[in-house]
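Novice:
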Amino acid sequence: MRNIYRILASQYDPLGYLIPFTTRAKIIVQRLWEKKRDWDDPHLPADLLQTWTDPIKDTTTTLRDIHVFCDGSERAYGSVAYLRTEVEHGQTEVAFLTARSRVAPKKQQSVPRLELCAALTGAQLAKVLQTELNLPIRQTILWTDSTTVLTWLQSDSCRFKVFVGTRVAEFQDLTQKHSWRYVPSACNPADDITRGRGLCELGSESRWCQGPRFLKDPPNLWPECPIPEEPDNNELRKTASGIKCLTTRAVYIDILHSLETDSFLMALRRFMAQRGKPHELLSDQGTNFRGGERELREAFTALVPDLQRQLAKQQIEFHFNPPNSPHFGGCWEREIRSLKNALTVTLGTQSVTFEVLQTVLAEIEGILNSKPLGYTSSDASDPDPVTPNCLLMGRPDASLPLTVYPESEL
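Heads up: the sequence shown at position 198 corresponds to 198 in full-length UniProt numbering, and the numbers run straight through without jumps.
1) How about Y82 and L97: do their beta carbons lie closer than 8 Å?
2) Over the uninterrupted alpha helix (DSSP H) stretch that includes I27, give me the two end residues.
3) So for I66, helix, strand or coil by DSSP?
4) So, helix, strand or coil for G242, using DSSP?
5) Rounded to whole angstroms, what is the Cα-Cα separation between A362 and I253?
6) Give the DSSP-derived three-state secondary structure of Q108 in the structure shown.
7) For I137, which three-state DSSP category applies?
8) For a test of the three-state rule: what should DSSP assign to W152, helix, strand or coil?
9) By the three-class DSSP mapping on this structure, what secondary structure does R181 have?
10) How would you write the range of the alpha helix (DSSP H) that E333 sits in, first residue to last?
11) Let me check understanding here. Comparing Cα to Cα, which of D284, F264, Q358 and P383 lies closest to F328?
12) Who does E74 pair with in a DSSP beta bridge?
13) Which residue from G198, S155 and D191 puts its Cα closest to that of V176?
14) Could you name the residues of the same chain whose beta carbon sits closer than 7 Å to that of E86, not counting the 5 residues immediately before and after it, in chain order?
15) Report the option in G90, T22 and T349 whose CA atom is closest to the CA atom of P219.
16) Evaluate the contact criterion for the stretch 367-375 versus the stretch 327-343: three or more CB pairs, one atom per stretch, below 8 Å.
17) Could you check the C-alpha separation between L391 and T248 for me, to the nearest Å?
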């Protein structure tokens, strides 16, 4: 009897929609009390047992899936979610759950980027539904009609510029790659968000309320779109990090493969393996990035707590300069400017291989570490001034002679 009460009390039904089921359960409980059954008696009479187990058996064979559809346009983007319920006898029902929409920002964005924002809205909506729905969910499937977005989602976030890369990284935290499917625009109910519909077109029999028709078909009849193979000549965007020692004035340059915490920590571990563990690290607040790089600032801000925890384990103090005060770090900001100038003169705007970029950065590091730490005498008989390379290697830098390579070999 205790289990019957447990199931009866677990039904949230403020509108009385489940009254036919709960009333039958209450009648069974009343008859059990008439038979003077104990509260924890595990055995029910045969007639009442069958009356109780038949409706419970029906509820345990129900399979539920969440389907989220996404779409974006130049004016708006959004997503809509449906609950697909499949019972044992092959009957399938689709019910509207919730929807979200956003008006496109005033700043002009390309349609693929707005489609990406729509897909991110759908991923966030799916995460909320998985958390809030008190129902056993078999799987969550997300649909989009943009093959560009599907290709982005199958790639690493470090391959793209900041706008796309940060959102792809968030996708990887919220969803799995295999959860995303392709749906033709004609079958996408989220298309109603971007195009707009009148109130008379949103009735109970509309696609907006019932979902696309193919959801009532078996999964093998759903739309499919193979992800195009990635080309061999992919271009990746890399970020260079610079560390300057305030004692020897030496510069260390490394390449970050992404803006994630692990990538920063790996670069720091490489630095400590080559130059030793620092006692104190100074950095800016990440608020002085130029060109509207808001996403880069957000990514940097998200790294701060994890970096501080990891550095505390290494007994390394981590300090920030005041916000919007890059002049507090003028010592290393000047080296960053020298690094950018050297890259501009050496490579310009051309794309190079990773090996070439790594070599160029290493040579620039050698040039920056060859700057004298004192005045250079005009007398040839005076000794050469001390440079950071002298302190690092015990001798002046003996660079290889420069060779001019044709542009086709870079």
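For every residue, glycine included, the Cβ atom is placed at its ideal position computed from N, Cα and C.
Specialist: The structure says:
1) Counting from one through the sequence shown, the residue named residue 82 turns up at place 82. Counting from one through the sequence shown, the residue named residue 97 turns up at place 97. In this structure, L97 lies closer than 8 Å to Y82 by Cβ.
2) Mapped onto the sequence shown, residue 27 falls at position 27. Looking at the DSSP string, the run of the alpha helix (DSSP H) that includes I27 is I19 to E34.
3) Sequence index remark: in the sequence shown, residue 66 carries index 66 (1-based). Reduced to three states, the DSSP call for I66 is strand.
4) Taking the sequence shown and counting its residues from 1, the one referred to as residue 242 is at position 242. Strand at G242.
5) As a working note, residue 362 is residue 362 in the sequence shown. As a working note, residue 253 is residue 253 in the sequence shown. Cα to Cα, the separation comes out at about 7 Å.
6) Stepping through the sequence shown from its first residue, residue 108 is reached at position 108. DSSP places Q108 in coil when its eight states are reduced to three.
7) Here residue 137 is taken as the residue at index 137 of the sequence shown, counted from 1. Of the three classes helix, strand and coil, the one that applies to I137 here is coil, per DSSP.
8) Sequence index remark: in the sequence shown, residue 152 carries index 152 (1-based). Of the three classes helix, strand and coil, the one that applies to W152 here is helix, per DSSP.
9) In the sequence shown, residue 181 corresponds to position 181, counting from 1. Three-state DSSP puts R181 in a strand.
10) Taking the sequence shown and counting its residues from 1, one reaches residue 333 at position 333. Taken as a continuous stretch (DSSP letters only), the alpha helix (DSSP H) holding E333 covers G330 to T346.
11) Walking along the sequence shown from the start, residue 328 turns up at place 328. The shortest Cα separation from F328 among D284, F264, Q358 and P383 belongs to D284.
12) Translated into positions along the sequence shown, residue 74 becomes position 74. Its beta-bridge partners do not exist; DSSP assigns none.
13) For the purposes of this step, residue 176 is taken as the residue at position 176 of the sequence shown. In the sequence under discussion, the amino acid at residue 176 is Gln, which differs from the Val named in the question. Of the listed residues, the one whose Cα sits closest to Q176 is S155.
14) Numbered from 1 along the sequence shown, position 86 holds the residue referred to as residue 86. Result list for E86: L63 and T92, in chain order.
15) Translated into positions along the sequence shown, residue 219 becomes position 219. P219 has its Cα closest to that of G90, out of G90, T22 and T349.
16) yes
17) Taking the sequence shown and counting its residues from 1, one reaches residue 391 at position 391. Taking the sequence shown and counting its residues from 1, one reaches residue 248 at position 248. Rounded to whole angstroms, L391 to T248 spans 7 Å at the Cα level.
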